[in-house]
Amino acid sequence: MGSNFLGTCFTLYDNGRDPQKLAKIQDAVSSDDVVVQNVLQIREELGCVTYEPNRTSVGPRKMRVVIPDVDEEGGSSKIVRPMSRQDRLVTRLSTGDMKDLMRFSNREPVFREDLGAYCLDFGGRVSMASVKNFQLISSEDPSMGNILQFGRVADDMFTMDFQWPLSPFQAFSICLSSCDTKLACV
620 MGSNFLGTCF TLYDNGRDPQ KLAKIQDAVS SDDVVVQNVL QIREELGCVT
670 YEPNRTSVGP RKMRVVIPDV DEEGGSSKIV RPMSRQDRLV TRLSTGDMKD
720 LMRFSNREPV FREDLGAYCL DFGGRVSMAS VKNFQLISSE DPSMGNILQF
770 GRVADDMFTM DFQWPLSPFQ AFSICLSSCD TKLACV
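Numbering-wise (the working numbering), the sequence shown opens with residue 620 and increments by one.
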């Protein structure tokens, strides 16, 4: 997983190679066989998580997630192997190019006057308030319920529940992004 300096954008990768580094190798070698082999080694982007900057610390965090579209019959997902900056998931998210992508956002917490805090119903799975707690729902079909929920259960302990279409790796990476320091989000 890679992130920007502010901690507002995270990209989930497989174990392939960075296309910028491969481009340098490709420039040094002119063989078509090497070019094809290098393209197959380029890392896939398995997801992108963005957090809306919030310097005032008023209100909860807002997050958006995109992953490559998944076959509804449980098959494999679309392969996103960007060769240029404009093909990256974060660029596609910012420009609204959602072709072959699934979009998610965090469920908006409700402010409870009696507690003086924003709250979500975790069904008893989360026992402590934290800025890191969240529930992720489909932007296209919120009736699918929580696709992922993450929350604190003790000082240094969290719980994670997820379902299709997220893989365990995608779910865990999204949760890790919530735990990272965010200079632009409080």
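Note that the Cβ used here is the ideal one computed from N, Cα and C, for glycine as well. In this text the structure is predicted, and so the values were computed from the model without any measurement.
Fill in: Inter-residue CB distance, Thr669 and Leu720 (contact presumed, cutoff 8 Å)
The pair is not a contact, with the Cβ atoms about 13 Å apart (cut-off 8 Å).
Item to complete: Please list, in chain order, all residues of the same chain as Ser757 whose beta carbon is under 8 Å from its beta carbon, the five residues on each side excluded.
Response: Annotation for Ser757: Met721, Arg722, Phe723, Met763 and Ile766 place their beta carbon closer than 8 Å to its own, counting only its chain and skipping 5 residues before and after.
Practice prompt. With DSSP as the reference, label Thr778 as helix, strand or coil.
Written response: strand
Worksheet item: Any idea which residues DSSP pairs Pro687 with across the strands?
Response: Answer is Leu720.
Worksheet entry | Meets three-Cβ-pair contact criterion under 8 Å: the region 678-686 and the region 700-719 | Because the criterion of three Cβ pairs below 8 Å is met, the region 678-686 and the region 700-719 touch.
Worksheet entry | Three or more C-beta pairs below 8 Å linking the region 740-753 and the region 773-786 | yes
Worksheet item: Among Arg636, Ala790 and Ser786, which residue has its Cα nearest to the Cα of Asp690?
Response: Ser786
Worksheet item: Start and end of the beta strand (DSSP E) containing Ser758?
Response: Per DSSP, Ser758 belongs to no beta strand (DSSP E) and is neither H nor E.
Fill in: Close Cβ partners of Val772 (< 7 Å) along its chain, the five nearest in sequence each way excluded
Once the five neighbours on either side are set aside, the close Cβ partners of Val772 are Val745, Ser746, Met747 and Thr778.
Discussion item. Less than 8 Å between the C-beta atoms of Gln789 and Gly666, yes or no?
Written reply: In this structure, Gly666 lies closer than 8 Å to Gln789 by Cβ.
Worksheet item: Buried or exposed: where does Met794 fall if 16 or more other Cβ atoms within 10 Å of its Cβ makes it buried?
Response: The amino acid occupying residue 794 in the given sequence is Cys; Met does not appear at that position. By the 10 Å Cβ count, Cys794 comes out buried.
Practice prompt. For Gly635, I'd like the list of residues in its chain whose CB is within less than 7 Å of its CB, leaving aside the five on either flank, ordered along the chain.
Written response: Gln660, Ile661, Arg662 and Glu663
Discussion item. For a quick check, are the C-beta atoms of Ser797 and Lys751 less than 8 Å apart?
Written reply: Yes, they are a contact pair.
Worksheet item: Within 10 angstroms of its Cβ, does Phe624 collect 16 or more other Cβ (buried), or is it exposed?
Response: exposed
Practice prompt. Give the DSSP-derived three-state secondary structure of Leu795 in the structure shown.
Written response: helix
Worksheet item: Residues bridged to Met620 by DSSP?
Response: DSSP output for Met620 lists no bridge partner at all.
Worksheet item: Considering only residues of the same chain and omitting the five flanking positions on each side of Glu831, which have a CB-CB separation below 6 Å?
Response: Residue 831 cannot be examined here, being either before or after the span of the chain that is shown, 620 to 805.
Worksheet item: Is the CB-CB distance between Pro679 and Pro728 below 8 Å?
Response: yes
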